[in-house]
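A.B. asks: If you number the sequence shown the way UniProt numbering does, the last residue is 442 and the count never jumps. Before I ask anything, let me first share the structure, which is written out below as structure tokens.
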Amino acid sequence: MQKRKRRFLKKGQNLMMLRTLRLEKAKKAELQKELTIYNALTKCKLTSSEVVPDVNKLLKSNTIGNLVESLGHGNKNKIRADAADALAHIASGSSEHSNLIAKAGAVPRLIRLLQSPDPEVCEKGILSLGNLLHFAPNLRDYIIRHGLMQKLMSIIQDKSTCTLMLSHVTWVLRKLCISSQPSPPDNAAEIIQALNIVLYNPEANVLEDALMAVRNLAHGNETIQMLLDFGVVPRIIYLLEHPNVTVQNAALQALINIATGSEDQIQELLNNNLLPHLSALMSNSDPDIRCQVLKLLLNIADGNIFQRHAIMNAGLLHKILECLKADAIPLKSAAALTITTLAIDKDKNLLCYLMRQGVIPEFCNLLFCQERDILSNVLDILSTMLDVDPSFSAEVSGIIEWSGALNNIRMLQNSEHEEIAAVARKIIGSYFPAKPHIATKF
Numbered sequence: 001m002q003k004r005k006r007r008f009l010k011k012g013q014n015l016m017m018l019r020t021l022r023l024e025k026a027k028k029a030e031l032q033k034e035l036t037i038y039n040a041l042t043k044c045k046l047t048s049s050e051v052v053p054d055v056n057k058l059l060k061s062n063t064i065g066n067l068v069e070s071l072g073h074g075n076k077n078k079i080r081a082d083a084a085d086a087l088a089h090i091a092s093g094s095s096e097h098s099n100l101i102a103k104a105g106a107v108p109r110l111i112r113l114l115q116s117p118d119p120e121v122c123e124k125g126i127l128s129l130g131n132l133l134h135f136a137p138n139l140r141d142y143i144i145r146h147g148l149m150q151k152l153m154s155i156i157q158d159k160s161t162c163t164l165m166l167s168h169v170t171w172v173l174r175k176l177c178i179s180s181q182p183s184p185p186d187n188a189a190e191i192i193q194a195l196n197i198v199l200y201n202p203e204a205n206v207l208e209d210a211l212m213a214v215r216n217l218a219h220g221n222e223t224i225q226m227l228l229d230f231g232v233v234p235r236i237i238y239l240l241e242h243p244n245v246t247v248q249n250a251a252l253q254a255l256i257n258i259a260t261g262s263e264d265q266i267q268e269l270l271n272n273n274l275l276p277h278l279s280a281l282m283s284n285s286d287p288d289i290r291c292q293v294l295k296l297l298l299n300i301a302d303g304n305i306f307q308r309h310a311i312m313n314a315g316l317l318h319k320i321l322e323c324l325k326a327d328a329i330p331l332k333s334a335a336a337l338t339i340t341t342l343a344i345d346k347d348k349n350l351l352c353y354l355m356r357q358g359v360i361p362e363f364c365n366l367l368f369c370q371e372r373d374i375l376s377n378v379l380d381i382l383s384t385m386l387d388v389d390p391s392f393s394a395e396v397s398g399i400i401e402w403s404g405a406l407n408n409i410r411m412l413q414n415s416e417h418e419e420i421a422a423v424a425r426k427i428i429g430s431y432f433p434a435k436p437h438i439a440t441k442f
């Protein structure tokens with residue numbers, strides 16, 4: 001019995017030693033793992049001022065594989081955050097770098113970081129995903145299919161989410177809405193639902209990113225209708241009065257794209273009392289804001305005759321004419337394009353009003369520019385004014401000749417763009433024919 005006890009104690013001692021050895025081995029493995037990770041972090045050069053390593057070097061050293069492995073649950077939060085930060089930097093190298101990261105299995109692990117209670121881990125995960133989307137838009141649907149929107153929505157709906165974190169989330173939403181693919185993103189409805197929440201945030205940078213996301217998303221009648229159905233438009237129109245000019249500009253850009261929709265969708269914009277807001281913005285001192293307003297009015301005028309009349313009935317025509325007489329060429333050009341679209345119905349009263357407001361010399365001045373669209377539109381409206389009524393033609397042709405634009409029209413007969421050359425030849429042939437040469441008698 002005593003012998004057995006001694007043998008048992010001896011076994012116990014060996015077991016304790018074995019446990020100690022195992023613990024030491026595990027510690028060494030953990031240290032080696034951390035060393036491997038920090039070597040990977042060093043190799044990828046975390047500071048943004050340094051060049052991202054070449055793809056071949058990253059593959060040879062398995063840097064990306066080690067970093068992806070370090071995103072796992074078994075690692076310390078500091079290591080997971082640093083690894084996500086390193087991957088964000090590598091993703092900024094090129095589309096090839098970003099696709100390599102996705103191929104290594106980083107996407108599902110990065111998305112899991114978004115539910116970490118550690119704010120730094122969550123933040124670095126969001127930023128890394130944002131860089132992947134920015135530098136490799138082709139990954140959009142692949143990332144969405146791994147459940148990104150559910151995680152982002154949880155962060156947005158969490159009332160304890162700080163402003164900085166919310167700004168990162170909105171930035172990722174903006175990147176989600178950019179893609180080289182013609183089709184809208186998977187789960188577009190979820191994205192719009194998220195945007196409809198962040199559009200009520202008071203922070204200007206959050207609002208700007210959310211509005212630019214709407215702008216990026218508003219392509220094609222189907223997606224535009226989804227934006228209208230979710231009630232996003234009234235909030236965007238309200239933000240036209242925001243004191244921050246970047247927010248105003250972003251709201252205008254979003255509405256410009258929405259106004260590329262069908263006539264019914266344009267009408268829904270007008271039904272939301274858009275035009276009075278635009279009238280107020282046309283008095284803005286910032287020429288960029290007025291230029292954006294003109295682009296939006298151009299898209300509305302491209303709808304139907306009733307929508308064109310709505311613009312004029314809102315008293316906007318006079319303000320558009322003021323922009324036509326401005327010194328800034330971009331503003332003058334945008335006003336000219338808008339006026340030519342408003343006059344597309346060849347309404348005699350409108351054309352007479354425009355002529356009496358002195359638009360013809362302003363149009364003639366634009367014939368000196370080199371932009372194809374502007375030249376085409378200016379020639380079209382001059383041709384329309386010459387054609388619409390015989391009583392107009394003498395006055396219009398006189399102004400064209402007096403302004404010095406006749407020589408430009410003559411030169412445009414030889415334009416490389418046939419549609420421009422054809423209108424120029426028509427104007428010259430119909431209203432400025434060559435005078436017959438009369439021989440002098442000696």
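The C-beta atom is built at its ideal place from N, Cα and C for all residues, glycine as well. Predicted model only: the values in this text are computed from it and were never measured.
By the three-class DSSP mapping on this structure, what secondary structure does Cys162 have?
C.D. replies: Correct three-state label for Cys162: coil.
A.B. asks: Write down the C-beta distance between residue 443 and Ile236 rounded to the nearest angstrom, noting that I regard them as a contact closer than 8 Å.
C.D. replies: For the chain, the structure presents residues 1 to 442; residue 443 sits outside this window and is missing.
A.B. asks: Between which residues of its own chain and Asn299 is the CB-CB distance below 8 Å, once the five residues before and five after are set aside?
C.D. replies: Closer than 8 Å at Cβ, skipping near neighbours: Ile256, Ala259, Thr260, Ile266.
A.B. asks: Please go through the stretch 166 to 208 and give each complete alpha helix (DSSP H) segment of 4 or more residues, from N-terminal end onward.
C.D. replies: If we require 4 residues or more, the alpha helix (DSSP H) runs fully inside the stretch 166 to 208 come out as 188 to 198.
A.B. asks: Around the Cβ of Ile305, are there at least 16 other Cβ atoms within 10 angstroms (buried) or fewer (exposed)?
C.D. replies: Exposed, because fewer than 16 other Cβ atoms sit within 10 Å of the Cβ of Ile305.
A.B. asks: Considering only residues of the same chain and omitting the five flanking positions on each side of Leu199, which have a CB-CB separation below 6 Å?
C.D. replies: Here the set comprises Ala210, Arg235.
A.B. asks: Determine, using beta carbons only, whether Ala106 and Val52 come nearer to each other than 7 Å.
C.D. replies: No, they are not a contact pair.
A.B. asks: What ranges does the alpha helix (DSSP H) occupy inside the stretch 258 to 288, keeping only unbroken runs of at least 4 residues that lie completely in it?
C.D. replies: For the stretch 258 to 288, whole alpha helix (DSSP H) runs of length 4 or above, ordered along the chain, are 263 to 271, 274 to 281.
A.B. asks: Would you check if the distance between the CB atom of Asn138 and the CB atom of Ala88 is smaller than 7 Å?
C.D. replies: The answer is no: Cβ separation not under 7 Å.
A.B. asks: Hey, would you say Gln357 sits closer than 7 Å to Leu321, going by beta carbons?
C.D. replies: Against a cut-off of 7 Å, the Cβ pair of Leu321 and Gln357 comes out as a contact.
A.B. asks: According to the neighbour-count rule (16 or more other Cβ atoms, all chains shown, within 10 Å of its Cβ), is Gln370 buried or exposed?
C.D. replies: Label assigned to Gln370: exposed.
A.B. asks: Among Met149, Ile339, Thr170, which one has its Cα closest to the Cα of His309?
C.D. replies: Ranking Met149, Ile339, Thr170 by Cα distance to His309 puts Ile339 first.
A.B. asks: How big is the Cα-Cα spacing for Cys323 and Asp288?
C.D. replies: Those two C-alpha atoms are separated by around 12 Å.
A.B. asks: Hey, out of Ser95, Asn75, Ser128, Asn99, whose CA is closest to Ile148's CA?
C.D. replies: Reading the sequence as shown, one finds Leu at residue 148 and not Ile. Taking only the C-alpha atoms, the option nearest Leu148 is Ser128.
A.B. asks: Within a Cβ cutoff of 7 Å, which residues of the same chain sit near Ile428, ignoring the five residues on either side of it in sequence?
C.D. replies: Within the same chain, Ile428 has close Cβ partners Ile409, Arg410, Gln413.
A.B. asks: Out of Met165, Arg109, Arg80, state which residue places its alpha-carbon closest to the alpha-carbon of Ala205.
C.D. replies: According to the sequence provided, residue 205 is Asn. The question's Ala does not apply to it. Among Met165, Arg109, Arg80, the Cα nearest to that of Asn205 belongs to Met165.
A.B. asks: Flag this pair as yes or no: are the beta carbons of Ser415 and Ala422 separated by less than 7 Å?
C.D. replies: No, Cβ-Cβ distance for Ser415 and Ala422 is not below 7 Å.
A.B. asks: Quick check on DSSP: helix, strand or coil for Gly303?
C.D. replies: Coil.
A.B. asks: Using 10 angstroms around the beta-carbon of His97, count the other beta-carbons present and answer buried if the total reaches 16, otherwise exposed.
C.D. replies: Buried.
A.B. asks: With DSSP collapsed to three states, give me the class of Glu424.
C.D. replies: According to the sequence as given, residue 424 is Ala; it is not Glu. Here Ala424 sits in helix by DSSP.
A.B. asks: Report, in whole angstroms, the separation of the C-beta atoms of Ile126 and Val169, which I expect to be a contact under 8 Å.
C.D. replies: About 6 Å separates the two Cβ atoms, so the contact holds.
A.B. asks: With distances taken from CA atoms, which of Val247, Asp229, Ile360, Ile192 is nearest Glu203?
C.D. replies: Glu203 has its Cα closest to that of Val247, out of Val247, Asp229, Ile360, Ile192.
A.B. asks: Are the beta-carbon atoms belonging to Ala194 and Met153 less than 7 Å from one another?
C.D. replies: Contact: yes.
A.B. asks: Would you mind stating whether Met282 and Lys319 have Cβ atoms separated by less than 7 Å?
C.D. replies: Yes; because the gap between Cβ atoms is below 7 Å, this pair is in contact.
A.B. asks: To the nearest angstrom, report how far apart Ser383 and Arg174 are at their CA atoms.
C.D. replies: Spanning the two alpha carbons is a distance of roughly 44 Å.
A.B. asks: Given a cut-off of 7 Å, decide if Ile156 and Ile197 are closer than it, judged by their beta-carbon atoms.
C.D. replies: Closer than 7 Å, so yes.
A.B. asks: Starting from Asp54, trace the alpha helix (DSSP H) both ways and give me its first and last residue.
C.D. replies: No alpha helix (DSSP H) contains Asp54, which DSSP labels as neither H nor E.
A.B. asks: Considering only C-alpha positions, which residue in the set Asp302, Leu240, Cys122 is nearest to Asp345?
C.D. replies: Cα-wise, what sits closest to Asp345 is Asp302.
A.B. asks: Could you tell me how far apart the beta carbons of Ala91 and Phe135 are, in whole angstroms, since I believe they sit closer than 8 Å?
C.D. replies: Their Cβ separation, rounded to whole angstroms, is 5 Å, which keeps Ala91 and Phe135 in contact under 8 Å.
A.B. asks: For a test of the three-state rule: what should DSSP assign to Lys45, helix, strand or coil?
C.D. replies: Residue confidence for Lys45 is low, a pLDDT of 47 falling below 50, so the modelled location carries little weight; the figure read from the coordinates is stated next. In this structure, Lys45 counts as coil in the three-state DSSP scheme.
A.B. asks: Are the CB atoms of Ser262 and Leu221 within a distance shorter than 7 Å?
C.D. replies: Strictly speaking, residue 221 in this sequence is Asn, with Leu absent from that position. Yes. Within cutoff.
A.B. asks: Are the CB atoms of Ala250 and residue 446 within a distance shorter than 7 Å?
C.D. replies: The displayed coordinates of the chain run from 1 to 442. Any statement about residue 446 would go beyond what the structure contains.
A.B. asks: Helix, strand or coil: which one does DSSP assign to Gly125?
C.D. replies: The answer is helix: DSSP assigns Gly125 an H, G or I state.
A.B. asks: Just confirm the distance between the C-beta atoms of Tyr353 and Ser393, as a whole number of angstroms; I'd bet it's less than 8 Å.
C.D. replies: That pair is no contact at about 17 Å.
A.B. asks: Leaving out five residues on either side along the sequence, give the residues of the same chain with a beta carbon under 7 Å from the beta carbon of Ser48.
C.D. replies: In this prediction, Ser48 has a pLDDT of 45, which is less than 50 and means its spatial position is unreliable; nothing more can be read from the coordinates.
A.B. asks: In the DSSP assignment, the alpha helix (DSSP H) including Gly398 goes from what residue to what residue?
C.D. replies: Run containing Gly398: 390 to 403, per the alpha helix (DSSP H) assignment.
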